[in-house]
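Enquirer:
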Amino acid sequence: MITIPEIVEKIVKKTPFLEESLCEGIINLSALARIIKPEIEKELYKKVKEGAIVMALKRLSIKTSNKVDIGKVFKNSPDIIVRSNLIEFTVANSGTLILKHQRLLETINSQRDYFGTITEGVFETTIIASTELKQEIEKIYQHEKIIFRFNNLSSVTIKLAEENINTPGVYYYILKPLAWEGINVIEVVSTSHEITLIIDANNVDRAFTILKNLFNK
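Adding 902 to a residue's 1-based position in the sequence shown gives its number in my numbering.
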């Protein structure tokens, strides 16, 4: 039989940032208990006391406070690289894409100053490259179905330490402060030791400052 603490934990986890706020002790537990009380009673099919909910919230706050914090995730401030003047094309997957990717990669490799990355999904492929390659990309993929185009993009690349590979929540700690500040991450491109965030160029300076301050805590 499901219990009050189990329902409380489920409610908290499905609400963005509520778990984090609970951990930091900035939520009035009695007020929160009153808000979620009807949902708990609906799931249990019976009336519950507000005090029981408050107690469950207190225990959950202690539990979440023991999770890994940013200082433990990043023992040293990682390198951050910012690139500007990027564009993005998303094309529908087809049997003719491989040769076209090869042509594009040959162009990128011949020009060391150009940036380019190709990410293939199940149904579509995203190409992120320097703005200087826009005409070349349009020429190469002219007979493909282009789903989206984005201009005026920038990227923020964070170099991860080897131990971060096996650390739960690494991406969460990076993306959370950006979401808090209303910064939209258009794409996330990652390797074993790097995560690159594609952001509207108008937000890149603010994103860089937020992440720099985060890692320097």
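The C-beta atom is built at its ideal place from N, Cα and C for all residues, glycine as well. Nothing here was measured: the structure is a model prediction, and the numbers come from that model.
(1) Would the region 983 to 996 and the region 1056 to 1069 be scored as touching if the rule is three or more Cβ pairs under 8 angstroms?
(2) For GLY994, count neighbouring C-beta atoms within 10 Å of its own C-beta (all shown protein chains included) and say buried if the count is 16 or more, exposed if not.
(3) Tell me which residues share the same chain as ASN1054 and place their Cβ nearer than 6 angstroms to its Cβ, disregarding the 5 neighbours each side in the sequence.
(4) For ILE906, which of helix, strand or coil comes out of DSSP?
(5) Using only the alpha-carbon positions, how far apart do LYS1067 and TYR1074 sit?
(6) So, at 6 angstroms on beta carbons, what are the nonlocal neighbours of LEU1062 in its own chain, with the 5 sequence-adjacent residues on each side left out?
(7) Taking the DSSP output, what are the residues bridged to GLY1084?
(8) Since I believe ILE989 is in contact with PHE1050 (beta carbons under 8 angstroms), could you give me their beta-carbon distance rounded to a whole number of angstroms?
(9) Have a look at the DSSP bridge pairing and note the partners of ALA958.
(10) Would you mind giving the Cβ-Cβ distance between LEU959 and VAL910, rounded to the nearest angstrom? I have them listed as a contact below 8 angstroms.
Expert: Let me lay it out:
(1) yes
(2) Here residue 994 refers to the residue found at position 92 of the sequence shown. Sequence inspection shows Ala at residue 994; the Gly mentioned does not correspond to that position. So ALA994 ends up on the exposed side.
(3) Within the sequence shown, the letter at position 152 stands for residue 1054. So the list reads ALA1103, once near-sequence residues are dropped.
(4) By 1-based counting over the sequence shown, the position of residue 906 is 4. Helix at ILE906.
(5) By one-based count along the sequence shown, residue 1067 stands at place 165. By one-based count along the sequence shown, residue 1074 stands at place 172. Contrary to the premise, residue 1067 reads as Ile rather than Lys in this sequence. Approximately 13 angstroms between the Cα atoms of the pair.
(6) In the sequence shown, counting from the first residue as 1, residue 1062 sits at position 160. Excluding residues within five positions, the ones whose Cβ falls inside 6 angstroms are HIS1095.
(7) On the sequence shown, residue 1084 is found 182 positions in, with the first residue counted as 1. None; GLY1084 has no bridge partner.
(8) Along the sequence shown, read from residue 1 onward, the residue named residue 1050 stands at position 148. Along the sequence shown, read from residue 1 onward, the residue named residue 989 stands at position 87. Rounded, the Cβ-Cβ distance is 11 angstroms, inconsistent with contact.
(9) Taking the sequence shown and counting its residues from 1, one reaches residue 958 at position 56. Answer by DSSP bridge pairing: none, since ALA958 is not bridged.
(10) Along the sequence shown, read from residue 1 onward, the residue named residue 959 stands at position 57. Along the sequence shown, read from residue 1 onward, the residue named residue 910 stands at position 8. Going by Cβ atoms, the distance from LEU959 to VAL910 rounds to 6 angstroms, so yes, they are a contact pair.
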